[in-house]
Amino acid sequence: MRKKIVAGNWKMNKTLQEGIELAKTINRQVEENEVIIILCPPFIHLSEVAGSITKDALFAGGQNCSSEASGAYTGEVSAEMIRSTGAEYVIIGHSERRTYFKETDEILNKKVKLALANDLIPIFCCGEVLAERQSGKHIQIVKSQVEKGLFDLSPEDFRRIVIAYEPVWAIGTGVTATAEQAQEMHKVIREHITDKYGNEIASNTSILYGGSCKPSNAKELFSNPDVDGGLIGGASLSASDFMGIVNAF
Ligand code: PEP
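Next comes the structure, spelled out in structure tokens:
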């Protein structure tokens, strides 16, 4: 059975003190059930956030990792360093990384492999921009991102991947994909995985939706057969909104 997951991407928000407070509040409110909850704070918070977690269902994750293993890369943070904080997940290929930091499919593929080699579970993001959807290329774009980022992994490694479909036009805009749009793309992604890795692996891969997900729309999105949870930006900055989304399952 694939896992239900809700991950919060805090992006570049919260001071260290605010972040720890938020993590502790969420930790208190988490009920041990079948939903995996992941907090992805800024790097400087990661060690303390990971250390403040006492619930089995709650995990910490990075928002990015370097495409290099170690060495003279000023300002970078390696997968090994992230794992050493106690974090168990890392977001790779978020659209803000792809756009503002020019991260290509090739760079992201290197990051995925370094994450896996360091015992981190990658949350691999894919998604089209508005012009690509409007020109009818969205399916082709997303399939290509998944293929180039992940399809040279061994079946054993691919089993550890979590995918997040995040239409770029829905991120931080307040415009959410409809439940039908989300289900359509999640099904396409799962079928693409089936073609490459077979039905058993595809049906066990968690595919999350991201893009203006809120407590008010989470239930409708998560009730789709191929939507296994959410990657949450803005709404993950408030414990009540974030837990409202978790409780939508
Ligand atoms: C995100 O950045 O991953 C995201 C989904 O953001 P938001 O929920 O704010 O749209």
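Just so you know, the sequence shown maps onto residues 152 to 400 in my numbering. Ideal Cβ positions, reconstructed from N, Cα and C, are used throughout, including at glycine.
CB of residue i to nearest heavy atom of the ligand PEP: below 7 Å?
{"i": "E279", "result": "no"}
{"i": "A208", "result": "no"}
{"i": "E317", "result": "yes"}
{"i": "N160", "result": "yes"}
{"i": "I322", "result": "yes"}
{"i": "C191", "result": "no"}
{"i": "H337", "result": "no"}
{"i": "A201", "result": "no"}
Determine the closest residue to residue i out of the options, with distance taken between C-alpha atoms.
{"i": "N269", "options": "K347, E247, S235", "result": "S235"}
{"i": "M163", "options": "E185, I156, R248, V186", "result": "R248"}
{"i": "V378", "options": "A333, V339, G300", "result": "A333"}
{"i": "G385", "options": "G395, A399, C364", "result": "C364"}
{"i": "N184", "options": "E199, A353, D207, Q168", "result": "D207"}
{"i": "R310", "options": "V326, S295, I272", "result": "I272"}
{"i": "K338", "options": "T327, T166, E227, I314", "result": "I314"}
{"i": "I352", "options": "E342, G361, Y360", "result": "E342"}
{"i": "D346", "options": "G323, E227, S367, K294", "result": "K294"}
{"i": "I233", "options": "Q214, Y251, G222, A223", "result": "Q214"}
{"i": "E254", "options": "I290, K299, L267", "result": "K299"}
{"i": "A266", "options": "T324, V297, V241, E169", "result": "V241"}
{"i": "C216", "options": "V326, K154, N260", "result": "N260"}
{"i": "C191", "options": "Q180, T205, K165, E182", "result": "K165"}
{"i": "K262", "options": "I312, E307, S286", "result": "I312"}
{"i": "V181", "options": "T205, E169, P193", "result": "T205"}
{"i": "M152", "options": "A390, G226, N355", "result": "N355"}
{"i": "L304", "options": "K264, S286, A282", "result": "K264"}
Beta-carbon separation of residue i and residue j under 8 Å?
{"i": "I358", "j": "Y316", "result": "yes"}
{"i": "H196", "j": "I171", "result": "yes"}
{"i": "A211", "j": "E231", "result": "no"}
{"i": "I322", "j": "G361", "result": "yes"}
{"i": "I274", "j": "I243", "result": "yes"}
{"i": "F400", "j": "K154", "result": "no"}
With a CB to CB cut of under 7 Å and the five nearest residues on each side skipped, what residues in its chain are close to residue i?
{"i": "A330", "result": "E371, L372, N375"}
{"i": "S387", "result": "G159, N160, W161, F393"}
{"i": "V397", "result": "V157, V186, I188"}
{"i": "G395", "result": "P366"}
{"i": "I340", "result": "V293, V297, I314, Y316, I358"}
{"i": "P306", "result": "Y348, I352"}
Just list the residues that DSSP pairs residue i with in beta bridges.
{"i": "I314", "result": "F275, I358"}
{"i": "G159", "result": "L190, I383"}
{"i": "A211", "result": "L190"}
{"i": "Y224", "result": "Per DSSP, none; premise fails for Y224."}
{"i": "V280", "result": "In DSSP, V280 forms no bridge with anything."}
{"i": "V378", "result": "DSSP output for V378 lists no bridge partner at all."}
{"i": "I290", "result": "BP columns for I290 are empty, so no partner."}
{"i": "I204", "result": "Looking at the DSSP assignment, I204 forms no beta bridge with any residue, so it has no partner."}
{"i": "V241", "result": "G213, P273"}
Within its chain, find whatever has a CB closer than 6 Å to the CB of residue i; leave out the 5 residues flanking it on each side and keep chain order.
{"i": "G237", "result": "A201"}
{"i": "H245", "result": "C276"}
{"i": "V319", "result": "S246, G278, V280"}
{"i": "I258", "result": "S218"}
{"i": "N368", "result": "T327"}
{"i": "F302", "result": "K347"}
Return the chain-ordered list of same chain residues with a C-beta closer than 8 Å to the C-beta of residue i, the five sequence neighbours on each side being excluded.
{"i": "K175", "result": "S203"}
{"i": "L167", "result": "I195, H196, E199"}
{"i": "E227", "result": "S217, E219"}
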